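Everything below concerns the one structure shown next.
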Amino acid sequence: MTEKHKRVIAVLGSTGSIGTQTLQVVEEHPECFEVYALTANERVEGLIEQARKFLPEAVVIANEEKYEQLKEALQDLPIKVYAGYESVCQIVQSQPIDIVVTALVGFAGLRPTIEAIKAGKAIALANKETMVVAGELINELAIKHQVPILPVDSEHSAIFQCLAGESDNRVEKIILTASGGPFRTFSKEQLESVTKEQALKHPNWNMGAKITIDSASMMNKGLEVIEARWLFGVKPEEIEVVVHPQSVIHSMVQFADGAVKAQLGTPDMRLPIMYALSYPTRLPSSFERLNFATMKELTFEQPDTERFPNLQLAYHALTMGGNMPCVLNAANEVCVSAFLSDKIKFTEMSRLIERAMQSADYRLKPTLDNLFDTDKQTRQMVKGWI
Numbered sequence: 051m052t053e054k055h056k057r058v059i060a061v062l063g064s065t066g067s068i069g070t071q072t073l074q075v076v077e078e079h080p081e082c083f084e085v086y087a088l089t090a091n092e093r094v095e096g097l098i099e100q101a102r103k104f105l106p107e108a109v110v111i112a113n114e115e116k117y118e119q120l121k122e123a124l125q126d127l128p129i130k131v132y133a134g135y136e137s138v139c140q141i142v143q144s145q146p147i148d149i150v151v152t153a154l155v156g157f158a159g160l161r162p163t164i165e166a167i168k169a170g171k172a173i174a175l176a177n178k179e180t181m182v183v184a185g186e187l188i189n190e191l192a193i194k195h196q197v198p199i200l201p202v203d204s205e206h207s208a209i210f211q212c213l214a215g216e217s218d219n220r221v222e223k224i225i226l227t228a229s230g231g232p233f234r235t236f237s238k239e240q241l242e243s244v245t246k247e248q249a250l251k252h253p254n255w256n257m258g259a260k261i262t263i264d265s266a267s268m269m270n271k272g273l274e275v276i277e278a279r280w281l282f283g284v285k286p287e288e289i290e291v292v293v294h295p296q297s298v299i300h301s302m303v304q305f306a307d308g309a310v311k312a313q314l315g316t317p318d319m320r321l322p323i324m325y326a327l328s329y330p331t332r333l334p335s336s337f338e339r340l341n342f343a344t345m346k347e348l349t350f351e352q353p354d355t356e357r358f359p360n361l362q363l364a365y366h367a368l369t370m371g372g373n374m375p376c377v378l379n380a381a382n383e384v385c386v387s388a389f390l391s392d393k394i395k396f397t398e399m400s401r402l403i404e405r406a407m408q409s410a411d412y413r414l415k416p417t418l419d420n421l422f423d424t425d426k427q428t429r430q431m432v433k434g435w436i
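Each residue of the sequence shown is one higher than the one before, counting from 51 in my numbering.
Laid out in structure tokens, this is it:
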């Protein structure tokens, strides 16, 4: 990538964990990338700091109450300042943008991703909920507009890398690795009394609050199973989850001949982010390397769906299809928020999600509007129970 061919990027959710690490990748390779737009939901101070450092063409704060503060702080710079969710959906359509990093948390990432695809932008997908909720519709749009969807999740990036050059070879199964989270060895009784402080301490990865809780409850892996089905065109029964506490092997692919390819690396999100942004080129990096001489063991175990029912619920939602993954996702988002606000216990999350899946109106062939309705109704229903 030369100076002439810098990739122009928009980062949605630039102040979050993935967003800030994306900007670290840009700093690592300023000759390859140029920031056109940055968006944040609430963190206006962080957005101001990033804007002054990277000097994008435009910034958007989704919370309109923070618009004046943002505008005032950047008035000495030639940066366009916008506010509101609609502005986030509009900015991704800007002509100079080559690639949009969708690092928004949850269902909120769906509409901006759709708008970016319709505008012909490559998608560096860090918002797994987009594929969970509307994978089939997103794939149809991406094909129609000839847009690549490049996975940023470490597991899906690993599979993407393992599949490179294997397009004519039949995949027998893909194997998603899971760290097991902070409660891997906890009993059912111990799980009843875990706190949010314990749940927010992930043993290997540095991530945002929502994804860290999802990791602790194994919902993160469930969402990744659904995402993998749409990203790689495999059937639910061809996706296996294995717990790998060291988080060195990020995922694997088993082919028809029985050979298994795995992608390994340090647990550093900047690696899959950089691969998505620079694909198909591998850029040099200053990031930490694996040292096999110091690695004592790589272990694997079966996930326990009795202690962590969310994984099984996700497989069930995927098998049912239609709007059921949307129900699962909406219920989970409400439950995680309630758990973080000390309104429900850790183990109540999966019970409420299961109840939502049993109670929701099921649609086999939902339109996009149906999915927005499903999301809204599920949230209201679960909030009512809480």
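Here a beta-carbon is modelled for each residue, glycine too, at the ideal position from N, C-alpha and C.
Everything numeric in this text was worked out from a predicted model, so none of it was measured.
DSSP places SER301 in the uninterrupted beta strand (DSSP E) bounded by 299 to 305. Contact check for ILE263 against LYS246 passes: the beta carbons are separated by less than 9 angstroms. The beta-bridge partner set that DSSP reports for GLN119 is empty.
Nearest Cα to PRO253 within the set VAL244, SER243, PRO232: PRO232. Contact check for ILE173 and ALA60: beta-carbon distance about 11 angstroms, past the 8 angstroms limit, so the pair fails to qualify. The criterion of a C-beta distance shorter than 9 angstroms is not satisfied by ALA90 and VAL58. Spatial neighbours of LYS285 in its own chain (CB-CB distance under 8 angstroms, excluding positions within 5 residues in sequence) are listed in chain order as ARG279. Taking MET431 as reference, the option from ALA169, ILE323, ALA406 with the minimal CA-CA separation is ALA406.
LEU191 and VAL155 have their C-alpha atoms spaced approximately 21 angstroms apart. The residues HIS300, LEU321, LEU340, in chain order, have a CB closer than 7 angstroms to that of GLY315 in the same chain once the five nearest residues on each side in sequence are set aside. TYR132: member of the beta strand (DSSP E) spanning 130 to 133, first to last residue. A residue is called buried when at least 16 other Cβ atoms come within 10 angstroms of its Cβ; PRO198 does not meet this threshold and is exposed. Looking only at THR344, GLU351, VAL183, GLN196, the smallest Cα-Cα distance to GLU274 is reached by VAL183.
DSSP places ALA87 in the strand class (E or B) of the three-state scheme.
With a threshold of 16 other beta carbon atoms within 10 Å, GLN240 falls short and is exposed. Exposed is the label assigned to ASP307, since fewer than 16 other Cβ atoms lie within 10 Å of its Cβ.
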